[in-house]
Amino acid sequence: MSSFAVVSIALCVCLALVQRTPVDAANILAVQSIAGESHWNVMLAVLWALTDRGHSVTVFTPFADGDRPGYTEVDVSEEAVMFLAMDATFLMENFGSMRKTIPSMLDYTITSCNIIYGHRLMADILNGKAAAPKFDLVVTEPLVSECAGYAATVLRVPTVYVVSFPIVTYLERPLTGHVPNPTSAGHVLSVLGFPKTFTERFANVALTWYAKLQRRLTDPRPFDALDLVKLSVIFTNAHFITEPARPLMLDVVQIGGIHLTRPEPIPKGSAKGVVEIRRPYERQTEELHPKVKLFISHRGISGVYEAVDAGVPVLGFPIYNDQPRNIDNLVDSGMAISMDLLSVTKEKFLNAILENKLLTMKVEYQKNAKIASERFKDRFMPPAESVIYWTEYVLCHKGAPHVRAGAAPTNGAVGVNDSRDAGVGKGTKDIINKNNK
């Protein structure tokens, strides 16, 4: 090989090593509006992916755990309404009923928004105080209300949503412009992941319209009256291996499993295997250990990806919200059994494990779990890299309005004069201008 070729190769390698992000390092404001640890695990994984890339993040969170380079936390735990160590019966009574779920979640979301937006530092940021940091992007999570997007509206910057549920049927149209077909796409609050019979499809249609009506009839709040900034991208805690096939808009990016990390060692004396039992709202950030043979849990979606990633069958006790449909999808895939927490007996519990042979290696449940795991891991891009790519795409293309449904076709121009004006409507501009006088 000639000396010229050697020098050329060395130069290319050096350039690759020092190459920076395709956009300048951004200053990102994150708002964790939901004080649920399973929600925070997904958000934290997204934020750490961005800081590892070289971006700076300031996050308002009730789960402050310490700063690190490029990552600053603002603790709001004293004011937040925490979802920790709650009794399962309380959750089922207050959130398990369709009549109560939407209003309860809406009230909780708006209460959380009021707490965060009433924080002194957040007020300084939104009022443009000279000492307050300036931001290029807002990352936040909606639950039922879009109040989480208020900061991006006032700051006139693009916004990215992180959704810890696999889908948010009741917000899908206002967020994406798309209406899922209720005869084939199970509602997030349904007990079924995929309606099969006419009766099931009819019930899912009724549920979809009932949830929509409930949300409309709820008393409007100040946040909901604003013409909020239109989001750029939604990162959803989903993966097609656990979700029935359905249409998705371009601005919906699946990042299911982003929260998984390497497991801690299992204590000695467990050579034959371990049954892991997970309680609701217990931290879900680790992959299951290879010695785990069965996963018993309430079937939150983060726990679903732990089991799928490990290729382990599941015994699920769903409590509320998306959990019944999550376990139903695993049952349909042949790797899980679902049981009712309030009616289960010792005999039924043992029968599910022993008679159905959930712990036997050479039977259907184990085989199907391994197949699901292989498909789940076969990705063209890890979820953290998807987060980096799409976040930087939004930053580079002034909010990327062309990926949203209904955006006018463009020839390289996005129709936005300033990235800080991206997606901000007239009503919001009037409010901002009034506050700045």
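For the sequence shown, the working numbering gives the first residue as 6, with consecutive numbering after it.
The beta carbon of each residue, even a glycine, is placed where N, CA and C say it ideally should be.
Using a Cβ-Cβ distance cut-off of 8 Å, the segment 297–305 and the segment 198–214 are not in contact, since fewer than three pairs of beta carbons, one from each stretch, lie closer than that value.
Only exposed fits L347, as fewer than 16 other CB atoms lie within 10 angstroms of its CB.
Taken through DSSP and simplified to helix, strand or coil, K139 comes out as coil. G71 sits away from H60, with the two beta carbons spaced by 9 Å or more. D337 and L233 have their C-alpha atoms some 39 Å from each other. DSSP, reduced to helix, strand and coil, places I260 outside both helices and strands of the structure shown, so it counts as coil. At a Cβ-Cβ threshold of 9 Å, W45 and F65 do not count as neighbours.
Per DSSP, E146 is not a residue of any beta strand (DSSP E), being assigned neither H nor E.
For S169, the closest alpha carbon among the candidates V392, S391, V349 and F240 is that of F240. Shown here, A30 sits in coil according to DSSP, grouped into three states, outside any helix or strand. Here the alpha carbons of P329 and Y155 stand approximately 32 Å from one another. Separation of P147 and S117 (C-alpha to C-alpha, rounded to the nearest whole angstrom) is 11 Å. Looking at the DSSP output, A341 bridges to V319. Beta-bridge analysis with DSSP links T66 to D80.
The DSSP-derived three-state label of V167 is strand. A residue is called buried once 16 or more other Cβ atoms fall within 10 Å of its Cβ, and M340 is buried on that count.
Distance from the CA of K382 to the CA of N32, rounded to the nearest whole angstrom, comes to 32 Å. Here the C-alpha atom of I332 lies approximately 45 Å from the C-alpha atom of A137. For F245, there is no enclosing beta strand (DSSP E), as DSSP marks it with neither H nor E. Collapsing the DSSP output to three states places V193 in coil.
Residue pairing by DSSP places G75 in no beta bridge whatsoever. Straight-line measurement puts the Cα of V349 at about 23 Å from the Cα of Q371. Note that the C-beta distance between I260 and V47 is below 9 Å.
Unbroken beta strand (DSSP E) runs of no fewer than 3 residues, entirely contained in the segment 364–400, are not found. Note: A35 is bridge-paired with V64 and V144 in the DSSP secondary-structure output.
With distances taken between CA atoms, S38 lies nearest to Y122 out of L126, Y122 and K139. The straight-line gap separating the alpha-carbon atoms of L320 and A30 is approximately 44 Å. In chain order, L148 and V149 place their CB closer than 7 Å to the CB of M110, counting only its own chain and leaving out the 5 sequence neighbours on each side. For P179, the enclosing alpha helix (DSSP H) has its first and last residue at E177 to T181.
Excluding the 5 residues flanking it on each side, I246 has same chain C-beta neighbours closer than 7 Å at V313, A377, R380 and F381, in chain order. A residue is called buried once 16 or more other Cβ atoms fall within 10 Å of its Cβ, and S82, having fewer, is exposed. In the structure shown, V336 adopts helical secondary structure according to DSSP, grouped into three states. Relative to the Cα of T106, the nearest Cα in the group H183, Y175, L55 and L236 belongs to Y175.
Distances from the CA of P200 to each of V408, A250 and R73 were compared; the closest alpha carbon is that of A250. If you draw a straight line from the Cα of A216 to the Cα of V408, it is about 27 Å long.
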